[in-house]
Amino acid sequence: MLEKSNEQYISWILDLKQKIQQSQIKAAIQVNSALIEMYWELGKEISERNFENSYGSGFFSQLSKDLRIEFPEIKGFSESNLKYCKRFYLFYNQHDENRHQFGDDFKKKLFLVPWRHHVEILIKCKNLEEADFYIKKTIENGWSRAVLLNMISGKLIESQGKTINNFSKTLPDYESDLIRETLKDPYIFDFINITENYKERELEDALTENISKFLLELGSGFAFVGKQVEISVGNQSFFIDLLFYHIKLKRYVVIELKTGHFEPEFAGKLNFYVTAVDKQMRDESDNATVGMIICKDKNEIIAEYSLTDLHKPLGISSYELKKILPENFKSYLPSIEEVEKELKKIQ
Numbered sequence: 001m002l003e004k005s006n007e008q009y010i011s012w013i014l015d016l017k018q019k020i021q022q023s024q025i026k027a028a029i030q031v032n033s034a035l036i037e038m039y040w041e042l043g044k045e046i047s048e049r050n051f052e053n054s055y056g057s058g059f060f061s062q063l064s065k066d067l068r069i070e071f072p073e074i075k076g077f078s079e080s081n082l083k084y085c086k087r088f089y090l091f092y093n094q095h096d097e098n099r100h101q102f103g104d105d106f107k108k109k110l111f112l113v114p115w116r117h118h119v120e121i122l123i124k125c126k127n128l129e130e131a132d133f134y135i136k137k138t139i140e141n142g143w144s145r146a147v148l149l150n151m152i153s154g155k156l157i158e159s160q161g162k163t164i165n166n167f168s169k170t171l172p173d174y175e176s177d178l179i180r181e182t183l184k185d186p187y188i189f190d191f192i193n194i195t196e197n198y199k200e201r202e203l204e205d206a207l208t209e210n211i212s213k214f215l216l217e218l219g220s221g222f223a224f225v226g227k228q229v230e231i232s233v234g235n236q237s238f239f240i241d242l243l244f245y246h247i248k249l250k251r252y253v254v255i256e257l258k259t260g261h262f263e264p265e266f267a268g269k270l271n272f273y274v275t276a277v278d279k280q281m282r283d284e285s286d287n288a289t290v291g292m293i294i295c296k297d298k299n300e301i302i303a304e305y306s307l308t309d310l311h312k313p314l315g316i317s318s319y320e321l322k323k324i325l326p327e328n329f330k331s332y333l334p335s336i337e338e339v340e341k342e343l344k345k346i347q
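Those letters in the sequence shown? Residues 1 to 347, by UniProt numbering.
Structure follows, in structure tokens:
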């Protein structure tokens, strides 16, 4: 227990009380930002004072009790949360070179992200760069905490921007960078239950049946236009597997699904589809259409060679299925007759 007669500590509690009251006034205007700013300042105060060193392990317990007495209506002054406040401040206030990199603008971004998101990022991210990535994506996409956790566990940071593409040769630099950051490799389809020897149409059907989850995996900004979209060229009909429109990038995105290895001829066909969409569907205000092949796997050298002399912006990514049912899955399930027979035994 702390000595409550300690004048320095009592003075500090009174000072904290005033600062928290000021935060409460701000909170009436902007709830989340004011709350996170309060936690930041609280973490800074705890870090810069020497009370923890003076009073040992009982410090956080006593501080929690005192703040709860002063502010019984505020949740968030538990012992564990106060420790997270300190961790929050120290994590983003590391070393001079990092403070330069993560300056005032970055701190403003911190205050836009909900506190429970911050706690998960503190627990799961290994360094500032990784934390910065997920903070930016959370703000950009409006992720819930559940979505954030899925993205961290799915290692989004490792797949973002790794698509093999020719964007740098076919698009202006600023557009090339934006699109490269938007696309991933691999895409993780962990919401699909299909058999080992599935066909492309089965995969396409499974993705469109779960279109909201598929859009989430694709990322922010994608709007679904349709599947097996018909285009007519030279009195012949052709069918695009999946067609999307990216609202932020203002362009159509043609996606061709392939359940096997990447083959060079896939790129030529995709180039043809992108050209057709540009000529027949693209509006004057739209940017150039982008084509994507999403295949089971690819040889990177073959993929790069296949895109070398093509003049439409094309990319090649792979996908992973996390929940594949075995081909003979049905044989593991009992028939209705077998279930009834077992029930009669129980009775």
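Glycine included, every Cβ here is placed at the ideal spot set by N, Cα and C.
When only Cα atoms are considered, K109 and K136 end up about 8 Å apart. For Q228, the secondary structure class from DSSP, reduced to helix, strand or coil, is strand. I294 has its alpha-carbon roughly 12 Å from the corresponding atom of E263. DSSP places H311 in the coil class of the three-state scheme, outside both helix and strand. Judged by DSSP in its simplified three-state form, Q94 adopts coil rather than helix or strand. When DSSP states are grouped into helix, strand and coil, K109 belongs to the helix group. Residue pairing for G291: DSSP places it in a beta bridge opposite V254, L314. Distance from D185 to K213 at the Cβ level is roughly 18 Å; contact not present, criterion being Cβ atoms closer than 8 Å. Residue pairing of L242 in beta bridges, as defined by DSSP: K227, I255. For the pair F167 and R180, the CB atoms are nearer than the 8 Å cut-off. In the DSSP assignment, F51 falls within the alpha helix (DSSP H) that extends over 51 to 55.
The criterion of a C-beta distance shorter than 8 Å is not satisfied by H261 and F222. Collapsing the DSSP output to three states places L35 in a helix.
Around the Cβ of T308, a 10 Å sphere holds fewer than 16 other Cβ atoms; the residue is exposed. DSSP, reduced to helix, strand and coil, places G268 within a helical segment of the structure shown. Assigned with DSSP and collapsed to three states, K65 falls in helix. Spanning the alpha carbons of I255 and I192 requires a straight line of approximately 18 Å.
Around the beta carbon of I316, 16 or more other beta carbons sit within 10 angstroms, so the residue counts as buried.
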